[in-house]
Amino acid sequence: MKGHLDYSFASAWNPDGRTFATGNQDKTCRIWDARNLSQSVHVLRGNVGAIRSIRFTSDGQFLSMAEAADFVHIFDIKSDYNKRQELDFFGDVSGMSFSPDTDTLYVGVSDRIYGSLLQFGRRYNYSYLDSLL
Numbered sequence: 032m033k034g035h036l037d038y039s040f041a042s043a044w045n046p047d048g049r050t051f052a053t054g055n056q057d058k059t060c061r062i063w064d065a066r067n068l069s070q071s072v073h074v075l076r077g078n079v080g081a082i083r084s085i086r087f088t089s090d091g092q093f094l095s096m097a098e099a100a101d102f103v104h105i106f107d108i109k110s111d112y113n114k115r116q117e118l119d120f121f122g123d124v125s126g127m128s129f130s131p132d133t134d135t136l137y138v139g140v141s142d143r144i145y146g147s148l149l150q151f152g153r154r155y156n157y158s159y160l161d162s163l164l
């Protein structure tokens, strides 16, 4: 597999069983199709540091990637990774995980001063459009 420019720190399989993601020191997360590894199908960029943690939701709708500090990015897979949300906070990221029902994202912050466990809830509009996203 060619594409990353440095050491990789993280990887995760999409529940679809065909695609997976790798996170690297070069500040990118690459999405790969296991059926053709000649090149990545998407390159997702971080802001300031290495991508150290990657998670897919259990339903395969979202991917989150965490930089070593300060930023977590959440991508909507159905939008072909074009829709995204960025969580910007202060502290070193020790890890992250989605809840099994995909409604909550937990982010561990290992900063010596601001160490904590952050909890982010998924927002719904509770309309018929929610089922179309």
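Residue numbers 32 to 164, in the numbering used here, belong to the letters of the sequence shown in order.
The beta-carbon is built from N, C-alpha and C at its ideal position, and this holds for glycine as well.
The structure displayed is predicted, hence computed values, not measured ones.
Whole-angstrom C-beta distance between residue j and residue i, which should lie under 8 Å
i    : j    : result
F102 : N78  : 5 Å
T135 : G152 : 6 Å
S69  : T53  : With 8 Å as the limit, S69 and T53 do not qualify as a contact, their Cβ atoms being about 15 Å apart.
Candidates the options: closest to residue i by CA position
i    : options                   : result
A81  : Y155, F87, M96 and F51    : M96
Q56  : L148, E117, S141 and A41  : A41
D119 : Y38, H104 and A65         : H104
T125 : R115, Y112, E117 and Y145 : It is worth fixing the name first, because residue 125 is Ser in this sequence and not Thr. The residue with the shortest Cα to Cα distance from S125 is Y145.
R143 : Y112, W63 and D123        : D123
D90  : I108, D37, K58 and A65    : I108
Neighbour-count burial assignment, residue i, 16 or more Cβ in a 10 Å radius
i    : result
I175 : Here the chain comprises residues numbered 32 to 164, so residue 175 is not present and cannot be evaluated.
P46  : exposed
S71  : buried
Euclidean distance between Cα positions of residue i and residue j
i    : j    : result
R115 : S147 : 24 Å
R61  : S130 : 23 Å
A100 : F121 : 7 Å
T88  : H35  : 24 Å
S110 : V138 : 24 Å
T50  : V74  : 13 Å
A43  : S128 : 12 Å
Continuous beta strand (DSSP E) stretch holding residue i: start and end
i    : result
T133 : Taken as a continuous stretch (DSSP letters only), T133 belongs to no beta strand (DSSP E), as it is neither H nor E.
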